[in-house]
Every structure is written in C-alpha cells, then in structure tokens.
Amino acid sequence: MSEEQTTAPPSFDYDVFISYSSKDKAWVRGELLKRIEKAGLRVFIDYRDFIPGAPSIKGIERGVTRCKKTVLALTPDYVESEWCELENNMSLTRSPANRDGRRIPLLKSQCETPLHVAHLTQIDFTVGADLDLAWLQLLTALGAPPEPPQVALPSRDDWYLAHPYAMPSNFTGRMAERKMLTDWLTNDAAHPLLVLRALGGFGKSALAWHWLLHDVDPAKWPRVVWWSFYEVDASFETFVAKARDYLNDGRIDTGAVSSRDQLDILLQRLHSRGTLLILDGFERALRAFGGLEAAYRNDETVGTESGDRDCISPLADRFLRDVANHPAMHGRVLLTTRLRPSPMETRSAILLQGCREEELFSAPASGRSYVFPSPGHSRRTRGD
Numbered sequence: 056m057s058e059e060q061t062t063a064p065p066s067f068d069y070d071v072f073i074s075y076s077s078k079d080k081a082w083v084r085g086e087l088l089k090r091i092e093k094a095g096l097r098v099f100i101d102y103r104d105f106i107p108g109a110p111s112i113k114g115i116e117r118g119v120t121r122c123k124k125t126v127l128a129l130t131p132d133y134v135e136s137e138w139c140e141l142e143n144n145m146s147l148t149r150s151p152a153n154r155d156g157r158r159i160p161l162l163k164s165q166c167e168t169p170l171h172v173a174h175l176t177q178i179d180f181t182v183g184a185d186l187d188l189a190w191l192q193l194l195t196a197l198g199a200p201p202e203p204p205q206v207a208l209p210s211r212d213d214w215y216l217a218h219p220y221a222m223p224s225n226f227t228g229r230m231a232e233r234k235m236l237t238d239w240l241t242n243d244a245a246h247p248l249l250v251l252r253a254l255g256g257f258g259k260s261a262l263a264w265h266w267l268l269h270d271v272d273p274a275k276w277p278r279v280v281w282w283s284f285y286e287v288d289a290s291f292e293t294f295v296a297k298a299r300d301y302l303n304d305g306r307i308d309t310g311a312v313s314s315r316d317q318l319d320i321l322l323q324r325l326h327s328r329g330t331l332l333i334l335d336g337f338e339r340a341l342r343a344f345g346g347l348e349a350a351y352r353n354d355e356t357v358g359t360e361s362g363d364r365d366c367i368s369p370l371a372d373r374f375l376r377d378v379a380n381h382p383a384m385h386g387r388v389l390l391t392t393r394l395r396p397s398p399m400e401t402r403s404a405i406l407l408q409g410c411r412e413e414e415l416f417s418a419p420a421s422g423r424s425y426v427f428p429s430p431g432h433s434r435r436t437r438g439d
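For the sequence shown, the residue numbers in this note's numbering are 56 to 439.
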C-alpha cells in the first residue's frame, strides 16, 4: 500500500455565503439572493440560516466554512461595517491568496475597498455597468450551469393583419361557431381549406376576426395573414405578393418574380406548420361581386347566372384548387364569403377532398327564417 495518501476534496453544505451590509439588504435579499437561487445554487444568508439564540460569530463561521464560495457585496456601508470586516477576515483565513477563487468581490456601489480585496478582480454591478455580463460572470464563478437563452415567444404582433376589421362593440356569443373554427384549425387535418359561407350582414367577418384575436394561439400559429377583399386595391394578385413577402421575411425581390412564381412560393409555405391565411369577403374575388355595383347586389339573385361563382383572377382559381386538392397540407386557409367559389368543387358541385364548408346562420328577426337550399348559393325567404 502506498505511503502517500490522497486528500479527499472538501464537501460543502452550501454553494455560497453572502457577506453584505444590512443597509443593503433590500437589493441583496430582493434581487441577488433570488437570482442566485433561481440558478439552482444553495445559498447561506444570515437572516435565514443563522441559528436563533446562537452567537452571530458562530453563524459567520458556519457560513464561511460550510460554503464553497463567499460573495462580498461591496458598498460604502459594507466597508464601514465591523461585522462585514469580520466576515471578510474569516473568509480570508480560509484562502489567503484566493487561489481557489473562494472569495468573489461584487462591486454594487463605488467604494474604497481594503487592500486584501482591492487586488481581486471585481464583478461590476454599479449603475451604468453591463448587468447582463455581470450576472453571467457571477453565476459562472459560483459554478451555476449556463442560463438558457431567452427565446421570445411568437405574439399577435408578429401577424400580418393587412386590413384590421372594425369590430362592432355589441359582438357577443357565437361560442358554437368559434368552437367549430377552433376544432377545424386544430383537429381537422383532412381539410386545410374551410369556407365560412353566409348571407351579407350575417356577421361572418366579425366572427372570423373575433375568433382570430381571442382563440388562435400565436405560439402554435406564429404566421397569420388577414386579408380583406372589401378594401380598395385588395386584388388577389396584391394579396399573393404581400402574403408571400411576409411569409418569406422580405427575402425575395417581388419585382424579379412573376405572379405565378410568387403563388408557387406562397403555396409552398402553406405546407409548413403554423401558417394560417384568412381571406375575408372572398365573394369580391368572384365574378358575381367583382364589379363596382358589388355592394348593391341582391342575395336572392346573385350566383344564379353561369360563371357568377368563377374567380376573376386565374391565380385565385389555381390557388383554391391547389389547396383543396392537398388534404395533407399543414397550413390552413379560411374563406369568408357569400358564395362558394366554383374552383373548389367538381362539375357535380361536390366539394374537393381538402375543402370543407360551414354555413353561418344569423339569429333571425321576428317572422323570418333563413335557408340555404342549393350548393354554393345563399338565399333568404320570408316565413309565414
């Protein structure tokens, strides 16, 4: 057996003893202590860990000997305090040259430090210092694991709401319809395209806007576009250019890419998770409502003529067919409209496999009832 004996490393009950002036307790207890313990370190501090009834000097001795490190919270009050001087001197006896880094001077306020502390590199917590760097230096010196970087969570501020809806102050209820929209968004993987169809004035825009701002989680849907075709210069071509630019962070020069290629890029982004497009008032992109007299068209006659439900733009036609024919698409598209666009159905008026349609019924006035008798058309009739 070798005559040389290996000395076991000392064991400690705590990671750090905080030596500070009681006049600085507000910052020490309210911020320093909490931040160190949040990093997972065991802290020994006077007001909590000194044994009641025992001499204070015994408490200081326990703090210095049973803690791996000692933090000196340097301020003018610290330098003037005899108790702080005693704590400092006790920690000095454990490691006179501080070769093991047991003493960590933290400069909270400018002060004239004693020579046996002044020669040590201090961590600067004074006013105007780089506090992020100071906390990193302190926690690293204490042996805390690196703090994970702060990742900003997506918020509604990151959404592209091109035409905010003027929400009526009396909007209430619609809980069943909101639940339906949420179920489609989160659970209906087979239908990336949802058509919310209703007569004019039934509140489909208000419902979609209220649902978007109150029920859609930005953490799960970080990329959202709200586009209203009721606005001036809100053509489908403009929508494609703006939406594509938003979804690609403006990295592609719009002027150098054709409209067809822009649509290809937009459709490609719809295959990624977390992308939601809401196209409000899509009937304005259809031939039936595409003219200057669109706001005055009557629901009882519109949509009955051949071609009324066709898209004005060939890009819109292709967009709807592409989305409706890809049931595995991860992104989602919601349309609010008075008419079902013809590109999303077969010649037999059957919806394409990736498309779903829901009819929105308003609470009828006294003596009236509302029905939707034929595919793709909304008609109102007077009840008896």
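Each residue gets a CB set at the ideal place from its N, CA and C atoms; glycine is no exception. None of the values given here were measured: they were computed from a predicted structure.
Looking at the secondary structure, which residues open and close the beta strand (DSSP E) in which F72 lies? Along the sequence shown, read from residue 1 onward, the residue named residue 72 stands at position 17. Per DSSP, F72 belongs to the beta strand (DSSP E) from 69-74.
Identify, in the order they occur along the chain, each residue of the same chain with its Cβ nearer than 8 Å to the Cβ of L268, setting aside the five sequence neighbours on each side. Within the sequence shown, the letter at position 213 stands for residue 268. Once the five neighbours on either side are set aside, the close Cβ partners of L268 are R211.
Does DSSP put T176 in a helix, in a strand, or in coil? Walking along the sequence shown from the start, residue 176 turns up at place 121. The answer is coil: DSSP assigns T176 none of H, G, I, E or B.
Taking DSSP as the reference, what is the three-state secondary structure of T120? Counting from one through the sequence shown, the residue named residue 120 turns up at place 65. Helix at T120.
Looking at R157: is its Cβ nearer than 8 Å to the Cβ of S146? By 1-based counting over the sequence shown, the position of residue 157 is 102. By 1-based counting over the sequence shown, the position of residue 146 is 91. Yes, the pair counts as a contact, with Cβ atoms nearer than the cut-off.
Determine the contact status of P252 and E414, defining contact as a CB-CB distance below 8 Å. Residue mapping note: residue 252 aligns to position 197 of the sequence shown, counting from 1. Residue mapping note: residue 414 aligns to position 359 of the sequence shown, counting from 1. It should be pointed out that residue 252 corresponds to Arg in this sequence rather than to Pro. Their beta carbons are under 8 Å apart, which means R252 touches E414 by this criterion.
Hey, would you say L332 sits closer than 8 Å to V295, going by beta carbons? Mapped onto the sequence shown, residue 332 falls at position 277. Mapped onto the sequence shown, residue 295 falls at position 240. No.
State the DSSP-derived secondary structure class of D365, mapped to helix, strand or coil. The residue you call residue 365 lines up with position 310 of the sequence shown. If DSSP states are grouped into helix, strand and coil, D365 belongs with coil.
Output needed for V126: all residues of its chain with C-beta closer than 6 Å, excluding positions within five of it in sequence on either side, in chain order. The residue given as residue 126 occupies position 71 in the sequence shown. Correct list, in chain order: V71, I73, I159, L161.
Which whole runs of the beta strand (DSSP E) in the segment 376-406 are 3 residues long or more, in chain order? 387-392
Any chance the segment 165-181 sits against the segment 128-136, with 3 or more Cβ pairs inside 8 Å? yes
Given 8 Å as the limit, is there contact between the segment 257-265 and the segment 399-413, that is, 3 or more CB pairs closer than that? no
7 Å CB neighbourhood of D78 in its chain, flanking five on each side removed: Here residue 78 is taken as the residue at index 23 of the sequence shown, counted from 1. Note that residue 78 corresponds to Lys in the displayed sequence, not to Asp. Within the same chain, K78 has close Cβ partners D132.
Can you give the Cα-Cα distance for D68 and Q165, rounded to whole angstroms? The count along the sequence shown starts at 1 and reaches residue 68 at position 13. The count along the sequence shown starts at 1 and reaches residue 165 at position 110. Their backbone Cα atoms lie some 32 Å apart in a straight line.
From what residue to what residue does the beta strand (DSSP E) around P160 run? Taking the first residue of the sequence shown as position 1, residue 160 is located at position 105. 158-162 is the span of the beta strand (DSSP E), which, as asked, contains P160.
Coarse secondary structure for F337, derived from DSSP in three states: Position 282 of the sequence shown, counted from the start, is the residue given in the question as residue 337. DSSP places F337 in helix when its eight states are reduced to three.
Starting from the C-beta of L370, find all residues in its chain whose C-beta is less than 8 Å away, skip the five residues before and the five after it, and write them out in chain order. Translated into positions along the sequence shown, residue 370 becomes position 315. So the list reads F291, E292, V295, S314, R315, L318, once near-sequence residues are dropped.
Is D104 near the ligand NAP, going by C-beta to nearest heavy atom under 7 Å? What this structure holds is no ligand at all, so the ligand NAP is not there to describe.
Rounded to whole angstroms, what is the Cα-Cα separation between R84 and G228? Locating residue 84 in the sequence shown gives position 29, counting from the first residue. Locating residue 228 in the sequence shown gives position 173, counting from the first residue. Approximately 49 Å between the Cα atoms of the pair.
For E412, list the residues DSSP reports as bridge partners. Here residue 412 refers to the residue found at position 357 when the sequence shown is read from its first residue. In the DSSP output, where bridge partners are listed per residue, E412 has V250.
For V182 and P151, the rounded distance between their alpha carbons: As a working mapping, residue 151 is identified with position 96 in the sequence shown. As a working mapping, residue 182 is identified with position 127 in the sequence shown. So the two alpha carbons sit approximately 30 Å from each other.
Tell me which residues share the same chain as S429 and place their Cβ nearer than 7 Å to its Cβ, disregarding the 5 neighbours each side in the sequence. Within the sequence shown, numbered from 1, the residue matching residue 429 stands at position 374. For S429, the predicted structure reports a pLDDT of 39, less than 50, and the residue's modelled location is therefore unreliable. The matter cannot be settled from this model.
Bridge partners for F226 per DSSP, in chain order? If you number the sequence shown from 1, residue 226 lands on position 171. DSSP output for F226 lists no bridge partner at all.
Given that a residue counts as buried once 16 or more other Cβ atoms are within 10 Å of its Cβ, and exposed if not, what is H326? To locate residue 326, count along the sequence shown from 1; it is residue 271. Burial call: exposed.
Buried or exposed (CB count within 10 angstroms, at least 16 for buried), A405: Your numbering for residue 405 matches position 350 in the sequence shown. Note that residue 405 corresponds to Ile in the displayed sequence, not to Ala. Exposed is the call here.
In its own chain, which residues sit with a C-beta less than 6 Å from the C-beta of V134, not counting the 5 before and 5 after it? Your numbering for residue 134 matches position 79 in the sequence shown. Only C166 meet the Cβ criterion.
Excluding the 5 residues flanking L194 on each side, which residues of the same chain have their C-beta closer than 6 Å to its C-beta? Here the question's residue 194 lines up with position 139 in the sequence shown. Answer for L194: A94, listed in chain order.
Looking only at C-alpha atoms, which of D335, W264, V388 sits nearest to M222? Here residue 222 refers to the residue found at position 167 of the sequence shown. Per the Cα distances, W264.
Assuming R97 contacts W190 (C-beta within less than 8 Å), just tell me the rounded distance between them. Counting from one through the sequence shown, the residue named residue 97 turns up at place 42. Counting from one through the sequence shown, the residue named residue 190 turns up at place 135. Contact flag wrong, Cβ pair sits at about 18 Å.
Ordered along the chain, which non-local residues of its own chain (more than five positions away) have a Cβ less than 8 Å from that of R376? For the purposes of this step, residue 376 is identified with residue 321 of the sequence shown, where counting begins at 1. Closer than 8 Å at Cβ, skipping near neighbours: P398, M399, L407.
For P382 and L88, I'd like the C-alpha separation in whole angstroms. The sequence position of residue 382 within the sequence shown is 327, counting from 1. The sequence position of residue 88 within the sequence shown is 33, counting from 1. Those two C-alpha atoms are separated by around 54 Å.
When DSSP labels each residue in this structure, what does W276 get in the three-state scheme? Working through the sequence shown from its first residue, we reach residue 276 at position 221. W276: coil per DSSP, three-state reduction.
If you follow the alpha helix (DSSP H) that W264 is in, where does it begin and where does it stop? Numbered from 1 along the sequence shown, position 209 holds the residue referred to as residue 264. Counting along the chain, the alpha helix (DSSP H) containing W264 begins and ends at 259-270.
My understanding is that V172 touches N143, with C-beta atoms under 8 Å, so please give their C-beta distance in whole angstroms. Counting from one through the sequence shown, the residue named residue 172 turns up at place 117. Counting from one through the sequence shown, the residue named residue 143 turns up at place 88. Right, the Cβ-Cβ distance comes to about 7 Å (below 8 Å), so this counts as a contact.
According to the Cβ coordinates, are P209 and A274 closer than 8 Å? Residue numbering aside, residue 209 sits at position 154 when the sequence shown is read from its first letter. Residue numbering aside, residue 274 sits at position 219 when the sequence shown is read from its first letter. In contact: P209 and A274 (Cβ atoms closer than 8 Å).
Where L193 sits in the DSSP three-state scheme: If you number the sequence shown from 1, residue 193 lands on position 138. Here L193 sits in helix by DSSP.
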